[in-house]
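Counting with this note's numbering, you get residues 462 to 883 for the letters of the sequence shown.
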Amino acid sequence: MSPSVKGMRDLMGDELRWFRRVEEAVHRIFGAHGYREIRTPILEYTDVFKRSVGDSSDIVSKEMYEFTDKGNRSVTMRPENTAGVVRAMVEHKLLINNDPQLLYYIGPMFRYERMQAGRYRQFWQIGAESFGVASPESEAESLAMLFDFLQALGLKSLSLSLNSVGTPESRPAFNAAFRAFFDAREARFCEDCHRRIETNPMRILDCKNPRCQEALEGHPTMVEFLDEASKAHHARLKELLVVLGIPFTENPRLVRGLDYYTRTAFEVLSTDLGAQSALLGGGRYDGLVKQLGGPDTPAFGWAIGLDRLAMILKQLQGEAPFHPPALLIPLGEVASARALQLARDWWAMGLSFQLETRGGALKKAMASANRSGAKLALILGDGELEKGVVAVKRLDTGAQEEWALADVPEKLVTEGRGMKTV
Ligand code: AMP
Numbered sequence: 462m463s464p465s466v467k468g469m470r471d472l473m474g475d476e477l478r479w480f481r482r483v484e485e486a487v488h489r490i491f492g493a494h495g496y497r498e499i500r501t502p503i504l505e506y507t508d509v510f511k512r513s514v515g516d517s518s519d520i521v522s523k524e525m526y527e528f529t530d531k532g533n534r535s536v537t538m539r540p541e542n543t544a545g546v547v548r549a550m551v552e553h554k555l556l557i558n559n560d561p562q563l564l565y566y567i568g569p570m571f572r573y574e575r576m577q578a579g580r581y582r583q584f585w586q587i588g589a590e591s592f593g594v595a596s597p598e599s600e601a602e603s604l605a606m607l608f609d610f611l612q613a614l615g616l617k618s619l620s621l622s623l624n625s626v627g628t629p630e631s632r633p634a635f636n637a638a639f640r641a642f643f644d645a646r647e648a649r650f651c652e653d654c655h656r657r658i659e660t661n662p663m664r665i666l667d668c669k670n671p672r673c674q675e676a677l678e679g680h681p682t683m684v685e686f687l688d689e690a691s692k693a694h695h696a697r698l699k700e701l702l703v704v705l706g707i708p709f710t711e712n713p714r715l716v717r718g719l720d721y722y723t724r725t726a727f728e729v730l731s732t733d734l735g736a737q738s739a740l741l742g743g744g745r746y747d748g749l750v751k752q753l754g755g756p757d758t759p760a761f762g763w764a765i766g767l768d769r770l771a772m773i774l775k776q777l778q779g780e781a782p783f784h785p786p787a788l789l790i791p792l793g794e795v796a797s798a799r800a801l802q803l804a805r806d807w808w809a810m811g812l813s814f815q816l817e818t819r820g821g822a823l824k825k826a827m828a829s830a831n832r833s834g835a836k837l838a839l840i841l842g843d844g845e846l847e848k849g850v851v852a853v854k855r856l857d858t859g860a861q862e863e864w865a866l867a868d869v870p871e872k873l874v875t876e877g878r879g880m881k882t883v
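Structure below.
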């Protein structure tokens with residue numbers, strides 16, 4: 462049998478439990494902010510991404526899982542979810558009355574990336590998008606939610622790296638100045654940057670090549686070329702971040718990998734793991750809805766990689782808490798039927814245990830119980846039934862005791878098996 466596809470892995474055990482904890486925090490915190498969940502299909506027609514993420518981006522030019530389906534249509538497994546969310550908003554006409562629409566998503570994304578540690582070809586993203594509000598206040602609200610979420614998970618050393626990439630109207634002036642700067646030292650830039658100067662000059666600013674980064678020293682910044690409204694927007698957002706106590710630094714080279722950003726672009730940096738690294742990014746994308754055939758609608762959003770977030774949390778906090786359920790082991794036919802009844806009542810009360818249903822010898826059941834990681838085995842034989850008790854064996858110490866059947870719920874709660882959360 463073949464193994465799983467390269468770059469795609471099975472989620473289970475501790476890693477999955479971290480995923481679940483993060484997801485629970487997302488539903489709780491984003492829900493409290495009035496954001497509603499959306500789940501869009503994994504497959505979209507390819508032009509949804511070509512028209513939004515942009516032909517010149519690495520994602521579209523190199524990384525898409527793009528294929529022709531049996532109906533001869535070009536489809537792509539989503540490399541990100543903003544385009545799909547916008548497509549859905551437009552398709553369902555949810556933006557026509559100008560009401561704000563606050564949405565979030567969690568789900569797998571697909572990029573045919575070069576393999577490296579922590580990068581996968583199927584990975585998960587959590588994202589939040591707000592449509593219909595152009596104000597810096599809506600950005601501040603979204604960022605406040607993001608910081609509340611990350612802090613609720615236990616991340617402490619967070620800061621924002623901030624830039625304004627201007628608007629399609631202000632960009633030509635920047636591009637002209639940047640072109641002159643580039644031409645004066647073009648030999649120092651890599652081949653990719655020579656391509657970018659023709660397709661999307663701003664993208665040169667975040668070239669990963671250290672020689673290009675050196676050559677950029679003293680480059681014209683986009684903030685210098687902002688129109689008055691974008692300048693005021695940028696200043697107001699910074700004011701609001703101060704009010705919120707969200708620390709930030711301005712980074713004139715921050716452009717993000719997608720073509721659709723306007724005005725605010727940001728990343729969240731963390732030093733929780735020592736060296737500073739980017740946890741996530743996002744920004745404003747006022748032109749995208751219209752570009753995808755919808756009404757002219759301002760929007761702001763961001764996406765965070767769940768794989769990386771779960772890995773960081775594990776490194777900082779160890780294993781995700783796990784309480785394997787107790788095991789209820791009936792012996793014989795009469796006890797099995799009675800155990801099913803009891804189990805059903807106890808499950809209904811919110812207690813957490815697993816029922817042994819194989820029948821057969823106690824020894825085999827106990828061996829499985831020991832391997833399962835459970836702390837308690839509750840054994841119900843004919844003798845126990847007659848007395849109205851269960852025999853309880855503590856699997857970690859081997860100690861034995863007896864509980865009256867009527868006391869089982871209370872005892873399990875005391876033992877921590879009367880779980881509200883799993
Ligand atoms: P992007 O959509 O490229 O801005 O990425 C947003 C977040 O998704 C990043 O901060 C990463 O944590 C995560 N991410 C992007 N690509 C991958 C990948 N191939 N594997 C794992 N996480 C990824």
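Where is the CB? At the ideal position from N, CA and C, for every residue including glycine.
In this structure, L789 keeps its C-beta atom at 9 Å or more from the C-beta atom of S622.
One alpha carbon belongs to I587, the other to T725, and they sit about 20 Å apart.
Under DSSP, I765 forms a beta bridge with I587 and L741.
With a cut-off of 8 Å, the C-beta of Y566 is classified as distant from the ligand AMP, since no heavy atom of the ligand falls inside that distance. Exclusion of the five residues before and after S738 leaves no residue of its chain whose Cβ lies closer than 6 Å to its Cβ. In this structure, the straight-line span from the alpha carbon of C668 to that of E728 is close to 16 Å. If one requires a minimum length of 3 residues, the beta strand (DSSP E) runs lying completely within the stretch 547-613 are 562-571 and 583-592, in chain order. Less than 9 Å separates the beta-carbon of Q674 from that of R714. In the structure shown, the three-state DSSP call for R819 is coil. Counting only the Cα atoms, A830 lies some 15 Å from A860.
In chain order, Q586 and G588 place their CB closer than 6 Å to the CB of A764, counting only its own chain and leaving out the 5 sequence neighbours on each side.
In terms of side-chain proximity, the C-beta atom of G532 is found no nearer than 8 Å to any non-hydrogen atom of the ligand AMP. Assigned with DSSP and collapsed to three states, L734 falls in coil, not helix or strand.
The beta carbon of L666 is closer than 6 Å to those of R714 and V716 in its chain, skipping five residues each way along the sequence.
Remark: the C-beta of L604 is outside contact range of the ligand AMP, defined as less than 8 Å to any heavy atom. For S620, the beta-bridge partners assigned by DSSP are L730. For I499, the three-state secondary structure derived from DSSP is coil. By the Cβ-count criterion, W808 is exposed, with fewer than 16 other Cβ atoms from all chains shown falling within 10 Å of its own Cβ. For A690, the uninterrupted alpha helix (DSSP H) segment begins and ends at E689 to L705.
Residue pairing by DSSP puts R855 in a beta bridge opposite L837. Residue environment analysis places N559 among the exposed positions, since fewer than 16 neighbouring C-beta atoms fall within 10 angstroms of its C-beta. The three-state reading of DSSP puts R534 in coil, since its state is none of H, G, I, E or B. Shown here, R664 sits in a helix according to DSSP, grouped into three states. A straight-line Cα-Cα distance of about 15 Å links G755 and V594. With fewer than 16 other beta carbons inside 10 angstroms of its own, G679 counts as exposed. Secondary structure at F814: strand, using DSSP grouped into helix, strand and coil. The alpha carbon of H488 has as its nearest neighbour, out of R548, E574, D806 and I567, the alpha carbon of I567.
Around the CB of V509, 16 or more other CB atoms lie within 10 Å, so the residue is classed as buried.
In the three-state reduction of the DSSP assignment, P782 falls in the coil class. Under the three-state reduction of DSSP, E484 is assigned to helix. Put simply, the residues with a CB less than 6 Å from any heavy atom of the ligand AMP are E541, R572, E574, R580, Y581, F584, Q586, G718, L741, G742, A764, I765, G766, D768 and R769, in chain order. Membership of A865 in the beta strand (DSSP E) is indicated by the continuous run Q861 to A865.
With respect to the 9 Å criterion, A852 and L841 are classified as neighbours on the basis of their beta carbons.
Annotation: L846 is outside any beta strand (DSSP E); the continuous alpha helix (DSSP H) that includes it extends over D843 to K848. When only Cα atoms are considered, Y506 and R657 end up about 26 Å apart. Around the beta carbon of V466, fewer than 16 other beta carbons lie within 10 angstroms, which makes this residue exposed.
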